[in-house]
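Visitor: When we follow the working numbering, the leftmost residue of the sequence shown carries the number 63, and every step to the right adds one.
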Amino acid sequence: FKYNNGSHNVFKVTGDDFNSCNVPSNNSLRLSTGNDKINLAAAGKKWYICGVDDHCNRGMKLKITVLDGTAPAPPPNAASTLLAKATNFQIVLGMTLSIAAALIMV
Numbered sequence: 063f064k065y066n067n068g069s070h071n072v073f074k075v076t077g078d079d080f081n082s083c084n085v086p087s088n089n090s091l092r093l094s095t096g097n098d099k100i101n102l103a104a105a106g107k108k109w110y111i112c113g114v115d116d117h118c119n120r121g122m123k124l125k126i127t128v129l130d131g132t133a134p135a136p137p138p139n140a141a142s143t144l145l146a147k148a149t150n151f152q153i154v155l156g157m158t159l160s161i162a163a164a165l166i167m168v
């Protein structure tokens, strides 16, 4: 997390605290250097909020879902598949027209 030191901070919280913007009373859990790094090695959901004033209530919060390293990639959606097919068709059509134009000029 990069931010102006003193203007913000970061707390790792539970899902309930994230939803309600409940800032932990234990300041030892606070990250406040302005260049804070977190470890995302374990799979699961992680919730972080800014504990300064009403920053969290104004949207200064982040939810991260870390997937298991062995989880398969999700299948492509239909729109991306159609776009890929359309792009391939356009390339083949363009090459065919280029070859035809070259043959006509010869």
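Even for Gly, the Cβ is constructed at its ideal location relative to N, Cα and C.
With a cut-off of 8 Å, do at least 3 Cβ pairs link the region 77-96 to the region 109-116?
Guide: yes
Visitor: Would you say G96 and N119 are within 7 Å of each other, going by their C-beta atoms?
Guide: no
Visitor: Skipping 5 residues on each side, what residues in its chain have a beta carbon closer than 6 Å to that of F63?
Guide: V72 and D98
Visitor: What residues are listed by DSSP as bridge partners for L124?
Guide: Y110
Visitor: Helix or strand or just coil, what does DSSP make of N89?
Guide: Helix, per DSSP.
Visitor: Evaluate V128 with the Cβ neighbour count: other Cβ atoms within 10 Å of its Cβ, from every protein chain shown; 16 or more gives buried, anything less gives exposed.
Guide: exposed
Visitor: Given that a residue counts as buried once 16 or more other Cβ atoms are within 10 Å of its Cβ, and exposed if not, what is K123?
Guide: buried
Visitor: Can you tell me where the alpha helix (DSSP H) with F80 in it begins and where it stops?
Guide: G77 to S82
Visitor: Rounded to whole angstroms, what is the Cα-Cα separation between P76 and G121?
Guide: The sequence given here has Thr at residue 76, not Pro. Computed Cα separation, rounded: 16 Å.
Visitor: Could you check how far apart the C-beta atoms of L91 and K107 are, in whole angstroms? I think they sit under 8 Å.
Guide: With a Cβ gap of about 17 Å, L91 and K107 do not count as contacting.
Visitor: If you measure between the beta carbons of D130 and A105, is that distance less than 7 Å?
Guide: yes
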